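Heads up: the structure comes next, in structure tokens.
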Amino acid sequence: MSTTEFPLGGLLPEHANLRSLWTSHLLRNFDLRVIIQISGCERSAARLLRGEPLSGVDVGPLAMANHAARHMGYLPLFDLSGKAPSITQGGEAVLREVL
């Protein structure tokens, strides 16, 4: 299982101390903008929000965003475990606000 996948039953032990970026806190929008900037996932995230299909080129920046989020102490922003990438639960409204 890669670091971008979620098990069906819940979080892996390595995710136990991570928090959701979708939960409101003082630095949430700043941290999210930093993650979007360093990963270059703005285009891919915007396409997800519009419901457009993503190409293989779009998945790399989303994976990089998950990696950056993890290093900043957050759970992954995007679920890349299925056939089609998606925004993790609770993230759509926050992404719309920030993008």
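When we follow numbering that gives the first Met the number 0, the leftmost residue of the sequence shown carries the number 0, and every step to the right adds one. Even glycine gets a Cβ: it sits at the ideal position worked out from N, Cα and C. Being a predicted model, the structure only gives us computed values, none of them experimental.
Option nearest residue i by Cα separation, candidates the options
i	options	result
LEU94	CYS40, ALA62, PRO52	CYS40
ILE86	ARG32, ASP57, LEU47	LEU47
Host alpha helix (DSSP H) of residue i (start-end)
i	result
ALA83	Here ALA83 belongs to no alpha helix (DSSP H), and DSSP marks it neither H nor E.
HIS70	55-70
Beta-carbon proximity check, residue i vs residue j, cutoff 8 Å
i	j	result
ALA62	LEU98	no
SER38	ALA83	no
LEU76	GLY89	no
VAL58	LEU31	no
Own chain residues within Cβ distance below 7 Å of residue i, not counting five before or after
i	result
SER54	none
ARG27	LEU20
Cutoff 8 Å; reference residue i; Cβ partners in own chain excluding five residues on either side
i	result
ILE35	GLU41, ALA44, ALA64, VAL97, LEU98
Close Cβ partners of residue i (< 6 Å) along its chain, the five nearest in sequence each way excluded
i	result
PRO60	SER38, GLY39, CYS40, SER43
(message) If contact is defined by three or more beta carbon pairs under 8 Å, each pair taking one atom from either stretch, is the stretch 16-23 in contact with the stretch 60-72?
(response) yes
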